[in-house]
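> Just so we're aligned, residue 1 is where the sequence shown starts under UniProt numbering, counting upward by one.
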Amino acid sequence: MAIGASLALLSSTKTLTSSSSSFLSPRRRPVPPREIRFSAPNVRRRCRSLVEDFDPAIPVEEAVTPPSSWYTDPSVLQLEYERIFFRGWQAVGCAVQIENLISLNRLGNVEFVICRDAKGELRAFHNVCRHHASLLVCGSGQKSCFQCPYHGWTYGLDGGLTKATRITGIKNFNKDHFGLIPVSVAIWGPFVLINMDESILPQHLAAKEMVENEWLGSASNIFSSNGIDSSLEHVCRREYTIECNWKVFCDNYLDGGYHVPYAHGGLASGLKLDSYSTDIYEKVSIQWCESVSTEGNKFDRLGSKAYMLLSSLTS
Numbered sequence: 001m002a003i004g005a006s007l008a009l010l011s012s013t014k015t016l017t018s019s020s021s022s023f024l025s026p027r028r029r030p031v032p033p034r035e036i037r038f039s040a041p042n043v044r045r046r047c048r049s050l051v052e053d054f055d056p057a058i059p060v061e062e063a064v065t066p067p068s069s070w071y072t073d074p075s076v077l078q079l080e081y082e083r084i085f086f087r088g089w090q091a092v093g094c095a096v097q098i099e100n101l102i103s104l105n106r107l108g109n110v111e112f113v114i115c116r117d118a119k120g121e122l123r124a125f126h127n128v129c130r131h132h133a134s135l136l137v138c139g140s141g142q143k144s145c146f147q148c149p150y151h152g153w154t155y156g157l158d159g160g161l162t163k164a165t166r167i168t169g170i171k172n173f174n175k176d177h178f179g180l181i182p183v184s185v186a187i188w189g190p191f192v193l194i195n196m197d198e199s200i201l202p203q204h205l206a207a208k209e210m211v212e213n214e215w216l217g218s219a220s221n222i223f224s225s226n227g228i229d230s231s232l233e234h235v236c237r238r239e240y241t242i243e244c245n246w247k248v249f250c251d252n253y254l255d256g257g258y259h260v261p262y263a264h265g266g267l268a269s270g271l272k273l274d275s276y277s278t279d280i281y282e283k284v285s286i287q288w289c290e291s292v293s294t295e296g297n298k299f300d301r302l303g304s305k306a307y308m309l310l311s312s313l314t315s
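Listed below in structure tokens is the structure:
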């Protein structure tokens with residue numbers, strides 16, 4: 001790969017081993033990247049043929065079930081990456097998780113790292129070396145710099161290239177032009193968000209007001225007035241691999257409690273399902289359901305409200 005090749009949207013696959021939790025694996029063989037571009041005419045034509053018969057303005061009472069191809073056709077998923085996940089703000093973690101650590105994350109099939117530089121400013125970069133596109137890090141942890149395990153190119157936590165091994169003598173090489181590819185990053189309340197939209201200039205800390213409007217819209221006041229703010233404490237992170245298309249999981253959650261009495265009998269007895277309601281805003285939908293009194297029962301784990309951010313359903 002030419003040293004000046006564009007690495008704006010790169011992805012790669014990796015095999016997890018028992019040692020994959022280490023921050024850097026010197027024996028890790030670099031995996032050739034695949035550029036994520038979904039503008040090919042055949043993909044667009046294929047997707048258009050799948051959706052052109054459906055009108056979003058039709059009332060729910062008159063709507064029909066989408067075809068199974070919306071959930072299984074690879075071209076649909078490719079378009080969703082381009083139009084949904086890579087064109088807007090996505091919550092990817094909590095701010096307290098990166099106070100003194102470098103955090104490795106994945107959005108769809110793109111890996112990126114989040115860190116704080118020497119000045120404490122939040123930064124995010126694609127997890128790809130600018131030299132031969134090797135993955136830089138493997139796992140989260142403490143680190144004072146990024147060093148490529150392939151050829152030793154080294155980058156500061158601000159993304160700047162600080163060391164390019166054996167590059168002396170290469171004419172017209174300017175290390176200032178070969179820093180890590182940045183990703184727009186922001187903090188809203190307790191959450192860290194990123195935006196991979198190539199049409200906007202990457203910002204290492206986007207304005208809260210702009211992010212708030214683009215991510216939550218008018219519903220932001222609902223969140224902040226109900227305790228979704230920086231006072232929330234991070235307890236733990238759990239990851240689940242669900243063998244289904246991401247929309248299936250969303251469909252399940254957005255059925256207004258339809259399945260709860262039948263699939264979750266124990267949970268249903270702790271909820272006032274007749275209070276279940278859904279408020280739809282221009283950016284998000286918010287579901288409300290009251291819990292029964294916790295006095296004299298075993299449902300202490302149920303709070304008065306629960307929130308779900310679907311931004312992480314991208315793998």
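Using N, Cα and C, we set each Cβ at its ideal position, and we do this for glycine too. Because the structure is a prediction, the values reported are computed rather than measured.
1) Relative to the C-alpha of Ile228, which residue among Cys47, Tyr155, Ile286 and Leu136 is closest?
2) Taking one C-beta from the segment 119 to 138 and one from the segment 157 to 164 each time, how about it: are there three or more such pairs within less than 8 Å?
3) When you compare only the Cα positions, how much space is there between Ser39 and Phe86?
4) Check whether the Cβ atoms of Cys145 and Ser134 sit closer than 8 Å, and answer yes or no.
5) I need the straight-line Cα distance from Lys171 to His177, nearest angstrom please.
6) Any idea what DSSP makes of Gln147, helix, strand or coil?
7) Lys272 by DSSP, collapsed to three states: which one?
8) List in chain order: all unbroken alpha helix (DSSP H) runs of 4+ residues lying wholly within the segment 192 to 220.
9) Can you tell which of Val185, Pro59 and Glu62 has its C-alpha closest to the C-alpha of Arg116?
10) Check whether the segment 75 to 94 and the segment 189 to 196 are in contact - that is, three or more C-beta pairs closer than 8 Å.
11) With distances taken Cα to Cα, identify the nearest neighbour of Leu77 among Cys289, Ser230, Val248 and Gly266.
12) Rounded to whole angstroms, what is the Cα-Cα separation between Asp274 and Ile181?
13) By the three-class DSSP mapping on this structure, what secondary structure does Pro182 have?
14) Could you please give the first and the last residue of the uninterrupted beta strand (DSSP E) stretch that includes Gln287?
15) Only counting the same chain, and skipping five residues up and downstream in sequence, which positions put a Cβ closer than 6 Å to that of Glu111?
16) If you compare alpha carbons, which of Asp279, Cys289, Ser230 and Leu136 is closest to Gly270?
17) Identify the continuous beta strand (DSSP E) that holds Leu79 and give its terminal residues.
18) Using only the alpha-carbon positions, how far apart do Gly108 and Tyr81 sit?
19) Could you pull the start and end residues of the alpha helix (DSSP H) that Val248 belongs to?
20) Assuming Val260 is part of the alpha helix (DSSP H), what are its boundary residues?
21) Determine, using beta carbons only, whether Tyr276 and Ala219 come nearer to each other than 8 Å.
22) Find the nearest neighbour of Asn226 within the set Gly189, Leu254, Asn213 and Ile200, judged by alpha-carbon distance.
23) With a CB to CB cut of under 7 Å and the five nearest residues on each side skipped, what residues in its chain are close to Ser21?
24) For Arg130, does the count of other Cβ atoms within 10 angstroms reach 16, so buried, or fall short, so exposed?
25) When you compare only the Cα positions, how much space is there between Glu239 and Gly179?
26) Run through the DSSP bridge pairs and tell me what Trp89 is partnered with.
27) Looking at the structure shown, is Leu161 part of a helix, part of a strand, or coil, going by DSSP?
28) Excluding sequence positions up to five away, which residues of its chain have a Cβ less than 7 Å from the Cβ of Leu101?
29) Rounding to the nearest angstrom, what Cα-Cα distance links Trp70 and Ile58 in this structure?
Once the coordinates are examined:
1) Numbered from its first residue, the sequence shown carries residue 228 at position 228. When C-alpha distances from Ile228 are compared across Cys47, Tyr155, Ile286 and Leu136, the shortest belongs to Ile286.
2) Cβ pair count under 8 Å is three or more, so yes.
3) Stepping through the sequence shown from its first residue, residue 39 is reached at position 39. Stepping through the sequence shown from its first residue, residue 86 is reached at position 86. For Ser39, the pLDDT reaches just 49, beneath the cut-off of 50, and the residue's location in the model is therefore unreliable, leaving the point undetermined.
4) Along the sequence shown, read from residue 1 onward, the residue named residue 145 stands at position 145. Along the sequence shown, read from residue 1 onward, the residue named residue 134 stands at position 134. No, the Cβ-Cβ distance between Cys145 and Ser134 is not below 8 Å.
5) Indexing the sequence shown from 1 puts residue 171 at position 171. Indexing the sequence shown from 1 puts residue 177 at position 177. As the crow flies, the alpha-carbon of Lys171 is around 14 Å from that of His177.
6) Counted from its first residue, the sequence shown places residue 147 at position 147. Three-state result, Gln147: strand.
7) As a working note, residue 272 is residue 272 in the sequence shown. It is a strand residue.
8) Along the length of the segment 192 to 220, whole alpha helix (DSSP H) runs at least 4 residues long occupy 208 to 215, reported in chain order.
9) Taking the sequence shown and counting its residues from 1, one reaches residue 116 at position 116. Checking every option, the nearest Cα to that of Arg116 belongs to Val185.
10) Short answer: they touch.
11) In the sequence shown, residue 77 corresponds to position 77, counting from 1. Residue Val248 is the option with its Cα nearest to Leu77.
12) Working through the sequence shown from its first residue, we reach residue 274 at position 274. Working through the sequence shown from its first residue, we reach residue 181 at position 181. Computed Cα separation, rounded: 50 Å.
13) Within the sequence shown, residue 182 is the residue found at index 182, counting from 1. Three-state result, Pro182: strand.
14) For the purposes of this step, residue 287 is taken as the residue at position 287 of the sequence shown. The continuous beta strand (DSSP E) containing Gln287 extends over residues Ser285 to Ser291.
15) Position 111 of the sequence shown, counting from 1, holds the residue named residue 111. Asn127.
16) Against the sequence shown, residue 270 aligns to sequence position 270. Comparing Cα positions, the closest option is Cys289.
17) By 1-based counting over the sequence shown, the position of residue 79 is 79. Premise fails: Leu79 lies in the alpha helix (DSSP H), Pro74 to Glu80, not in any beta strand (DSSP E).
18) By one-based count along the sequence shown, residue 108 stands at place 108. By one-based count along the sequence shown, residue 81 stands at place 81. Rounded to the nearest angstrom, the two C-alpha atoms are 7 Å apart.
19) Here the question's residue 248 lines up with position 248 in the sequence shown. In the DSSP assignment, Val248 falls within the alpha helix (DSSP H) that extends over Trp246 to Tyr253.
20) Residue mapping note: residue 260 aligns to position 260 of the sequence shown, counting from 1. For Val260, the uninterrupted alpha helix (DSSP H) run begins and ends at Val260 to Ala263, by DSSP.
21) Taking the first residue of the sequence shown as 1, we reach residue 276 at position 276. Taking the first residue of the sequence shown as 1, we reach residue 219 at position 219. No, Cβ-Cβ distance for Tyr276 and Ala219 is not below 8 Å.
22) Position 226 of the sequence shown, counting from 1, holds the residue named residue 226. Measuring from the Cα of Asn226, the nearest candidate turns out to be Gly189.
23) Locating residue 21 in the sequence shown gives position 21, counting from the first residue. Model confidence at Ser21 stands at a pLDDT of 37, short of 50, so the residue's coordinates are unreliable; what they give is reported in the following sentence. Hits under 7 Å: Gly139.
24) As a position in the sequence shown, residue 130 is number 130, starting the count at 1. By the neighbour-count criterion, in which 16 or more other beta carbons inside 10 Å mark a residue as buried, Arg130 falls on the buried side.
25) Taking the first residue of the sequence shown as position 1, residue 239 is located at position 239. Taking the first residue of the sequence shown as position 1, residue 179 is located at position 179. Cα to Cα, the separation comes out at about 31 Å.
26) Here the question's residue 89 lines up with position 89 in the sequence shown. For Trp89, which the question treats as bridged, DSSP gives the partners Asn195.
27) What you label residue 161 is simply residue 161 of the sequence shown in a count that begins at 1. The DSSP-derived three-state label of Leu161 is strand.
28) Within the sequence shown, the letter at position 101 stands for residue 101. Sequence-distant Cβ neighbours of Leu101 in its own chain, meaning closer than 7 Å and more than five residues away, are Ser140, Gly141 and Gln142.
29) Here residue 70 is taken as the residue at index 70 of the sequence shown, counted from 1. Here residue 58 is taken as the residue at index 58 of the sequence shown, counted from 1. Separation of Trp70 and Ile58 (C-alpha to C-alpha, rounded to the nearest whole angstrom) is 18 Å.
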